[in-house]
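Here's the structure we're looking at; comments come further down.
There are 2 protein chains.
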Amino acid sequence: MANFQDIAQQFVDFYYKTFDGDRTQLVALYRPNSMLTFEKEPFQGAQNIVEKLTNLPFEKVQHRVDTMDAQPASQEGGIVVLVTGALMVDDQPQPMSYVQNFTILPAEGSYYVFNDMFRLVYPAHG
Amino acid sequence: MANFQDIAQQFVDFYYKTFDGDRTQLVALYRPNSMLTFEKEPFQGAQNIVEKLTNLPFEKVQHRVDTMDAQPASQEGGIVVLVTGALMVDDQPQPMSYVQNFTILPAEGSYYVFNDMFRLVYPAHG
């Protein structure tokens, strides 16, 4: 059986590949009890979440994962994942830093996203 | 009863106030099953975690929280918290961006940290 680090890495690879390829397909990774907080705005349920993600104001997007950390969640079999990275949209040359945090839970031989929080990160200044 | 947003805010306020004041006192917020991943390095248990935090190579530190998001965790009563912010150490004038992700769980009328992941965030570049 794969360990939580390997599962987290596979999940993250698949998630951003799907996001950058055809983000309507992300619906398969969420369930009715899934939560997304996207730049402070809360959404619940696969349909609402993917509607938000597909309506983001860009056509093309490319995520680059810089760091990925994982820990076992308190719920048996769950995994907490923290990603930092950069994303580029459409033809804007400047990447934006982001952070995203998932809790994924096992179900029917696979995993779905229970918690999902996304924030852009701006350079620190005094 | 306070809702999860209020509890998360109180936790975050208390956590960084304690960290910046006397970080040896953070030991009260962790338990033997707590996990910290600090810049990729894993630690388990209150003693190991606080030993790491107290041995960080600075005397003075000040955290500034820029964003705080919270969601109910999958485990009853737990809360997932995502913080982005900046920190300043000793007399270095330049703040550093960071992100920190907690899962806090209820116990004996209070909360303790089960999951904790910390990363510095560097400005995105192509």
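Order-wise, the sequence lines are chains R and X.
Each number in our numbering comes from the position in the first sequence (counting from 1) with 1 added on.
Each number in our numbering comes from the position in the second sequence (counting from 1) with 1 added on.
Ideal Cβ placement from N, Cα and C applies to all residues, glycine included.
Keep in mind it's a predicted model, so treat the numbers as computed, not measured.
(request) Using the Cα positions of PHE15 (chain R) and ASN49 (chain X), report the straight-line distance between them to the nearest angstrom. (result) Taking the first sequence and counting its residues from 1, one reaches residue 15 (chain R) at position 14. Taking the second sequence and counting its residues from 1, one reaches residue 49 (chain X) at position 48. Roughly 34 Å between the two C-alpha positions.
(message) Looking only at its chain, what residues have a beta carbon closer than 6 Å to the beta carbon of THR55 (chain R), apart from the 5 residues adjacent to it on each side?
(response) Your numbering for residue 55 (chain R) matches position 54 in the first sequence. So the list reads ARG24 and THR25, once near-sequence residues are dropped.
(request) Output the distance between the C-alpha atoms of PHE39 (chain X) and ASN102 (chain R), rounded to the nearest integer angstrom. (result) As a position in the second sequence, residue 39 (chain X) is number 38, starting the count at 1. As a position in the first sequence, residue 102 (chain R) is number 101, starting the count at 1. Distance between the alpha carbons of PHE39 (chain X) and ASN102 (chain R) is about 15 Å.
(request) Take every Cβ of the segment 103-121 of chain R, pair it with every Cβ of the segment 31-46 of chain X, and state whether three or more of those distances are shorter than 8 Å. (result) no
(message) Rounded to the nearest angstrom, what separates GLN95 (chain R) and MET89 (chain R) at their Cα positions?
(response) Here residue 95 (chain R) refers to the residue found at position 94 of the first sequence. Here residue 89 (chain R) refers to the residue found at position 88 of the first sequence. Their backbone Cα atoms lie some 7 Å apart in a straight line.
(message) Distance cutoff 8 Å, beta carbons only. Does VAL90 (chain R) sit that close to anything in chain X?
(response) Numbered from 1 along the first sequence, position 89 holds the residue referred to as residue 90 (chain R). Chain X contact via Cβ: absent.
(message) Short of 6 Å in beta carbon distance, which residues of its chain neighbour ALA71 (chain X), apart from the five on each side in sequence? Order them along the chain.
(response) By 1-based counting over the second sequence, the position of residue 71 (chain X) is 70. If we look at ALA71 (chain X) and ignore the five residues flanking it on each side, its Cβ neighbours are PHE5, GLN6, ALA9, ILE80 and VAL82.
(request) Let me know the secondary structure DSSP gives GLU42 (chain R) once reduced to three states. (result) As a first step, residue 42 (chain R) must be located in the first sequence, where it is residue number 41. Strand at GLU42 (chain R).
(request) Kindly say whether ALA87 (chain X), judged by its beta-carbon, lies nearer than 8 Å to any beta-carbon of chain R. (result) Within the second sequence, numbered from 1, the residue matching residue 87 (chain X) stands at position 86. Yes, ALA87 (chain X) lies at the interface with chain R (some Cβ there is under 8 Å from its Cβ).
(request) Report the residues of the segment 10-28 of chain X with a CB closer than 8 Å to any CB of chain R, ordered along the chain. (result) none
(message) Distance cutoff 8 Å, beta carbons only. Does LEU83 (chain X) sit that close to anything in chain R?
(response) Position 82 of the second sequence, counted from the first residue, corresponds to residue 83 (chain X). So, interface residue.
(request) State the DSSP-derived secondary structure class of ALA87 (chain X), mapped to helix, strand or coil. (result) As a first step, residue 87 (chain X) is located in the second sequence; it is residue number 86 there, counting from the start. ALA87 (chain X): strand per DSSP, three-state reduction.
(request) With DSSP as the reference, label ALA47 (chain R) as helix, strand or coil. (result) For the purposes of this step, residue 47 (chain R) is taken as residue 46 along the first sequence, with counting starting at 1. If DSSP states are grouped into helix, strand and coil, ALA47 (chain R) belongs with the helices.
(message) 8 Å is my cut-off, CB to CB: does ASN4 (chain X) come that close to chain R?
(response) In the second sequence, residue 4 (chain X) corresponds to position 3, counting from 1. Judged by the 8 Å Cβ criterion, ASN4 (chain X) is not in contact with chain R.
(request) Go through its chain and collect everything with a Cβ distance to MET97 (chain X)'s Cβ below 6 Å, but skip five positions before and after it. (result) The count along the second sequence starts at 1 and reaches residue 97 (chain X) at position 96. Only LEU88 and LEU121 meet the Cβ criterion.
(request) Name the one or two DSSP bridge partners that SER35 (chain X) has. (result) Taking the first residue of the second sequence as position 1, residue 35 (chain X) is located at position 34. Beta-bridge pairing links SER35 (chain X) to no other residue.
(request) Give me whichever residues DSSP pairs with TYR112 (chain X) in a beta bridge. (result) Start at 1 with the first residue of the second sequence, and residue 112 (chain X) comes out as number 111. TYR112 (chain X) is bridged to X:PRO107.
(message) In whole angstroms, give me the CA-to-CA distance for VAL62 (chain X) and ALA29 (chain R).
(response) The residue labelled residue 62 (chain X) in the question sits at position 61 within the second sequence. The residue labelled residue 29 (chain R) in the question sits at position 28 within the first sequence. The alpha-carbon atoms of VAL62 (chain X) and ALA29 (chain R) are separated by roughly 43 Å.
(request) Assign LEU57 (chain X) to buried or exposed, taking buried as 16 or more other Cβ atoms, counted over all protein chains shown, within 10 Å of its Cβ. (result) Locating residue 57 (chain X) in the second sequence gives position 56, where the first residue counts as 1. Result: exposed.
(message) Please list, in chain order, the chain X residues whose beta carbon lies closer than 8 Å to that of LYS53 (chain R).
(response) Counted from its first residue, the first sequence places residue 53 (chain R) at position 52. Going along chain X, no residue has its Cβ under 8 Å from LYS53 (chain R), so there is no contact; the nearest lies around 15 Å.
(request) Using a Cβ cut-off of 9 Å, pull out every chain R residue sitting near VAL100 (chain X), in sequence order please. (result) On the second sequence, residue 100 (chain X) is found 99 positions in, with the first residue counted as 1. Those within 9 Å of VAL100 (chain X) in chain R are LEU83, THR85, VAL100, ASN102, ARG120 and VAL122.
(request) Measure the C-alpha to C-alpha separation of VAL84 (chain R) and ASP67 (chain R) and round it to an integer number of angstroms. (result) Looking up residue 84 (chain R) in the first sequence gives position 83. Looking up residue 67 (chain R) in the first sequence gives position 66. Taking the straight line from one Cα to the other gives about 7 Å.
(request) Under 6 Å Cβ to Cβ from GLY46 (chain R), same chain only, skipping five residues before and after it: list those, please. (result) One-based indexing of the first sequence puts residue 46 (chain R) at position 45. PRO33.
(request) If I'm right that HIS64 (chain X) touches PHE12 (chain X) with Cβ under 8 Å, what's the distance once you round it to whole angstroms? (result) Indexing the second sequence from 1 puts residue 64 (chain X) at position 63. Indexing the second sequence from 1 puts residue 12 (chain X) at position 11. Between PHE12 (chain X) and HIS64 (chain X) the Cβ distance is about 13 Å, and since that is not below 8 Å, they are no contact.
(request) Can you pull the chain X residues whose beta carbon is under 7 Å from the beta carbon of SER111 (chain R), in chain order? (result) The residue given as residue 111 (chain R) occupies position 110 in the first sequence. By Cβ distance, chain X contributes nothing, its closest Cβ being about 16 Å from SER111 (chain R), past 7 Å.
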